[in-house]
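Participant: Can you read through this structure? Questions will come right after.
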Amino acid sequence: MAVKEKNVEKKSRILEYLKESHKWENYVFLLFSVIVLLMGSLILSGALVVKEDFWLIGSHPEVFAWVLVGIAIVFTLYALYPFFKPAFPELKKITWLPLGKFIGNSIRVLLFLTIFALLFLLYDAFITQILARIF
């Protein structure tokens, strides 16, 4: 009797590794993406200057900065996704308010925040005037 060998499909170890969730690697990836986002923002604001004679990006630093910002935003979202992934099924379990009540409550909160912001601006104006007269 001949023994038949089963055709076992070999799984790629690289694909298995990529499918797993690696928490610390996500932290490092998130840190790098935030640093790249900051670098792009600094180039756009003019705080970080690229030399004119720098190859390929020296003549168009703003385009390079926007590419950096775009890539960094995508990578930041990619790095944050595993942290928020468990929350998505939980959001389906929530009983939400009807739309009318939700909008009414949102308007109340925004009105409350606006009043407090104006109140603090008024306090700032009065304190600035008082300090200007004292000193």
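Heads up, the sequence shown is in the working numbering, so the first residue is 2 and it goes up one at a time.
Yeah, the Cβ is synthetic: ideal placement off N, Cα and C, and Gly gets one too.
Predicted model, so just to flag it, every value in this text is computed and none were measured.
(1) Suppose only complete runs of 3+ residues qualify. What are the beta strand (DSSP E) ranges in the stretch 16–48, listed by chain order?
(2) If we count the other Cβ atoms within 10 Å of its Cβ and call it buried at 16 or more, is ILE44 buried or exposed?
(3) Could you have a look at GLY71 and say whether DSSP puts it in helix, strand or coil?
(4) What span of residues does the alpha helix (DSSP H) with LYS93 cover, start to end?
(5) Can you tell me whether DSSP reads GLU53 as helix, strand or coil?
Facilitator: Here's the rundown:
(1) none
(2) buried
(3) helix
(4) 88–94
(5) coil
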